[in-house]
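Just so we're aligned: the sequence shown equals residues 1 to 369 in the working numbering. Notes for the one structure printed next.
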Amino acid sequence: MKVPGPHPLAASRPWDRPAPELATPVLRLRELDRKELRAWFTALGEPAFRGDQVFEGLQRHGWTSWDQFSQVSKDLRARLSPASDISVPVITESISSSDGSTKHAFRLADGQQVEGVYMPYARRTTLCLSSQVGCAMGCTFCATGLMGIVRNLSAGEIVGQVVAMLNAHPAEGGAGVNLVFMGMGEPLHNLDHVMKAFHILTDPAGLGLSPRRITLSTSGLVSGIERLGGYAKRPRLALSLNATTDDYRSRIMPVNKVWNLEALADALLHFPLDKSERITLEYVLLQGVTDSLEDGRRLARFAQRFPSKINLIPFNPHEGSGFEPPTEARIGELCQLLAQAGLTVSVRRSRGQDVAGACGQLVRGPRKH
Ligand code: SAH
Ligand code: SF4
Numbered sequence: 001m002k003v004p005g006p007h008p009l010a011a012s013r014p015w016d017r018p019a020p021e022l023a024t025p026v027l028r029l030r031e032l033d034r035k036e037l038r039a040w041f042t043a044l045g046e047p048a049f050r051g052d053q054v055f056e057g058l059q060r061h062g063w064t065s066w067d068q069f070s071q072v073s074k075d076l077r078a079r080l081s082p083a084s085d086i087s088v089p090v091i092t093e094s095i096s097s098s099d100g101s102t103k104h105a106f107r108l109a110d111g112q113q114v115e116g117v118y119m120p121y122a123r124r125t126t127l128c129l130s131s132q133v134g135c136a137m138g139c140t141f142c143a144t145g146l147m148g149i150v151r152n153l154s155a156g157e158i159v160g161q162v163v164a165m166l167n168a169h170p171a172e173g174g175a176g177v178n179l180v181f182m183g184m185g186e187p188l189h190n191l192d193h194v195m196k197a198f199h200i201l202t203d204p205a206g207l208g209l210s211p212r213r214i215t216l217s218t219s220g221l222v223s224g225i226e227r228l229g230g231y232a233k234r235p236r237l238a239l240s241l242n243a244t245t246d247d248y249r250s251r252i253m254p255v256n257k258v259w260n261l262e263a264l265a266d267a268l269l270h271f272p273l274d275k276s277e278r279i280t281l282e283y284v285l286l287q288g289v290t291d292s293l294e295d296g297r298r299l300a301r302f303a304q305r306f307p308s309k310i311n312l313i314p315f316n317p318h319e320g321s322g323f324e325p326p327t328e329a330r331i332g333e334l335c336q337l338l339a340q341a342g343l344t345v346s347v348r349r350s351r352g353q354d355v356a357g358a359c360g361q362l363v364r365g366p367r368k369h
């Protein structure tokens with residue numbers, strides 16, 4: 001198996017520079033939280049409660065045309081329409097898989113494309129969201145990483161993915177919705193917009209999603225983990241660990257050259273967890289690179305240092321990556337090893353859906369914390 005050498009991105013640290021932003025000539029109302037919408041209507045000489053009404057229509061009902069806002073007078077709608085944009089990212093392609101999930105391609109206002117995945121379960125629905133077009137982190141096994149960074153998604157575009165997916169699957173609207181920032185991009189490299197989206201999505205006047213059901217996954221941007229820990233209300237944290245030695249992690253994840261495994265463990269140990277909160281450790285299994293039994297034992301030792309649960313992700317092959325997925329037998333052995341170490345472990349299959357794989361079923365070890 002080919003293991004690449006140190007990545008040049010580690011020296012240039014593109015994640016330290018802000019990513020470009022969406023350039024937009026028109027006021028996009030989906031970018032605004034409820035307070036900002038109230039202020040906007042007040043400035044137009046309208047009562048502030050119009051802001052609440054419009055927020056509810058945009059976020060809770062997912063309306064995308066002024067015609068749907070019947071409680072707003074026709075005259076006012078005629079004034080608002082040319083002065084603002086209430087569109088959501090346009091779904092241009094949807095691919096359903098046999099496991100029930102649907103991958104959607106979105107076209108954004110400037111023509112850029114991102115992906116989101118809709119995953120219905122019996123009692124909840126999980127939506128996987130993108131946070132950036134491309135990604136600056138350059139992980140060598142990741143198709144998005146190979147694109148480089150194009151730009152941040154705006155808060156409205158992040159929220160818009162949720163609204164567009166719920167509109168596309170109206171029958172599922174009533175189920176509890178979970179969100180995971182595990183699509184394109186590094187959410188901690190776009191934390192301001194991700195947190196604004198979080199704030200809008202958890203507003204009870206809008207979709208009112210539970211903060212505990214929103215998870216942000218990072219490749220290990222320690223400066224961002226520290227910032228995230230400072231918010232009183234925040235998403236749950238998942239870390240893409242993906243390797244258990246600094247040598248191998250630095251070869252596949254350039255960010256490890258800046259914050260190595262010890263720096264990461266230290267950041268996680270200091271991350272202020274709520275009672276019963278656990279950090280998810282994602283671990284991509286690359287055959288012959290990160291999937292040895294010795295890796296499994298080191299992963300167990302890392303995970304035992306703080307309240308955690310492990311999500312093994314068999315490598316999803318893409319052209320030119322040079323990596324291979326692990327064997328089913330190895331996935332099973334690693335599951336067993338981790339469960340025997342007292343850890344909770346699941347295996348993520350195909351396009352983001354967690355199903356029981358070689359483990360036979362979701363393997364839960366006794367809770368350590
Ligand atoms: N940038 C963030 C979130 C998006 S990536 C992060 O890296 O955490 C979401 C998950 O997909 C990460 O755990 C990443 O390691 C994993 N991943 C990326 N490319 C993959 C591939 N080809 N096969 C399997 N998992 C992959
Ligand atoms: Fe970016 Fe995550 Fe892909 Fe790494 S794995 S390149 S951080 S999207």
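In this text, a Cβ means the ideal position worked out from N, Cα and C, and glycines have one as well. Quick caveat: nothing in here was measured; it's all calculated off a predicted structure.
Pairs of beta-carbons, one from the segment 186-203 and one from the segment 238-251, closer than 8 Å: are there three or more?
The answer is no - the segment 238-251 does not touch the segment 186-203, with fewer than three Cβ pairs under 8 Å.
Let me know the secondary structure DSSP gives Leu228 once reduced to three states.
Three-state result, Leu228: helix.
Could you give the first and the last residue of the continuous alpha helix (DSSP H) run that contains Phe49?
It spans 49-55 - the alpha helix (DSSP H) in which Phe49 sits, taken as one unbroken run.
What runs of the beta strand (DSSP E), each 3 residues or longer, lie entirely inside the segment 121-159?
Within the segment 121-159, the complete beta strand (DSSP E) runs of at least 3 residues are 124-128, 132-134, 149-152.
To the nearest angstrom, report how far apart Lys309 and Ala263 are at their CA atoms.
One C-alpha to the other measures close to 19 Å.
For Asn178, which residues does DSSP report across the bridge?
Thr126.
Which stretch, first to last residue, makes up the beta strand (DSSP E) that contains Arg236?
Start and end: 236-240.
Does DSSP classify Ser97 as helix, strand or coil?
Residue state, collapsed to three classes: coil.
Can you name the start and end residues of the beta strand (DSSP E) that Ala105 belongs to?
Counting along the chain, the beta strand (DSSP E) containing Ala105 begins and ends at 102-107.
By Cβ distance below 7 Å, which residues in the same chain neighbour Gly57 in space, the five residues on each side in sequence not counted?
Closer than 7 Å at Cβ, skipping near neighbours: Trp63, Gln68, Phe69.
To the nearest angstrom, how far is it from the Cα of Thr218 to the Cα of Ile252?
Going from the Cα of Thr218 to the Cα of Ile252 covers about 15 Å.
Would you mind reading off the limits of the beta strand (DSSP E) that contains Ser276?
Where Ser276 is concerned, there is no enclosing beta strand (DSSP E), given that its DSSP letter is neither H nor E.
In whole angstroms, give me the CA-to-CA distance for Ala19 and Gln340.
Approximately 43 Å between the Cα atoms of the pair.
Measure how close the beta-carbons of Phe323 and Phe141 come, nearest whole angstrom, since I'm counting them as under 8 Å.
The Cβ separation is near 5 Å, so the contact holds.
Please state whether the Cβ-Cβ distance between Val133 and Val150 is less than 8 Å.
For Val133 and Val150, yes; Cβs fall inside 8 Å.
Using the Cβ count rule (16 or more neighbours within 10 Å means buried), how would you classify Leu293?
By the 10 Å Cβ count, Leu293 comes out exposed.
Arg79 lies in the alpha helix (DSSP H); which residues open and close that run?
Arg79 -> alpha helix (DSSP H) spans 74-83.
For the ligand SAH, is there any heavy atom lying closer than 7 Å to the beta carbon of Ala143?
The answer is yes for Ala143.
Under a Cβ-count criterion, where at least 16 other Cβ atoms within 10 Å of its own Cβ denotes burial, should Ala171 be classed as buried or exposed?
It is exposed - the Cβ of Ala171 has fewer than 16 other Cβ atoms within 10 Å.
Quick one: grab the DSSP three-state call for Arg349.
The answer is strand: DSSP assigns Arg349 an E or B state.
Cα separation between Lys368 and Thr344?
Low per-residue confidence applies at Lys368: pLDDT is 33, beneath 50, and the placement is therefore not dependable, though the value from the model is reported in the following sentence. Whole-angstrom Cα-Cα distance: 9 Å.
When you measure from the CB of Ile313 to every non-hydrogen atom of the ligand SAH, does any distance come out below 7 Å?
For the ligand SAH, at least one heavy atom lies less than 7 Å from the Cβ of Ile313.
Go to Leu9, then tell me how far its alpha helix (DSSP H) extends in each direction, as first and last residue.
Where Leu9 is concerned, the enclosing alpha helix (DSSP H) stretches over 9-12.
With DSSP run on the structure shown, which of helix, strand or coil describes Gly360?
At Gly360 the pLDDT is 18, less than 50, meaning the model places this residue with poor confidence; the figure from the coordinates comes in the next sentence. It is coil, neither helix nor strand.
Which class does Pro314 belong to by DSSP, given the choice of helix, strand or coil?
Looking at Pro314 - three-state DSSP - the assignment turns out to be strand.
Under DSSP, the alpha helix (DSSP H) around Leu415 begins and ends at which residues?
The structure shown has nothing for residue 415, since the chain only spans 1 to 369.
Under a three-way DSSP split, which group does Thr42 fall into?
Correct three-state label for Thr42: helix.
Would Tyr283 and Leu261 be called neighbours here (beta carbons separated by less than 8 Å)?
In this structure, Leu261 does not lie closer than 8 Å to Tyr283 by Cβ.
In terms of alpha-carbon separation, which member of Arg330, Gly296, Ser12, Leu299 lies closest to Gly374?
Lying outside 1 to 369, the shown extent of the chain, residue 374 is not represented and no answer is given.
Starting from Ile252, follow the alpha helix (DSSP H) in both directions and report where the run begins and ends.
From DSSP, the alpha helix (DSSP H) with Ile252 extends over 246-252.
In this structure, how does DSSP classify Thr327 when only helix, strand and coil are distinguished?
Looking at Thr327 - three-state DSSP - the assignment turns out to be coil, as it is neither helix nor strand.
Confirm, please, whether the CB-CB distance from Ser81 to Trp66 is below 8 Å.
The answer is yes: Cβ separation under 8 Å.
What distance in whole Å lies between the Cβ atoms of Val90 and Ser131, which are believed to be in contact at a cut-off of 8 Å?
Going by Cβ atoms, the distance from Ser131 to Val90 rounds to 18 Å, so no, they are not a contact pair.
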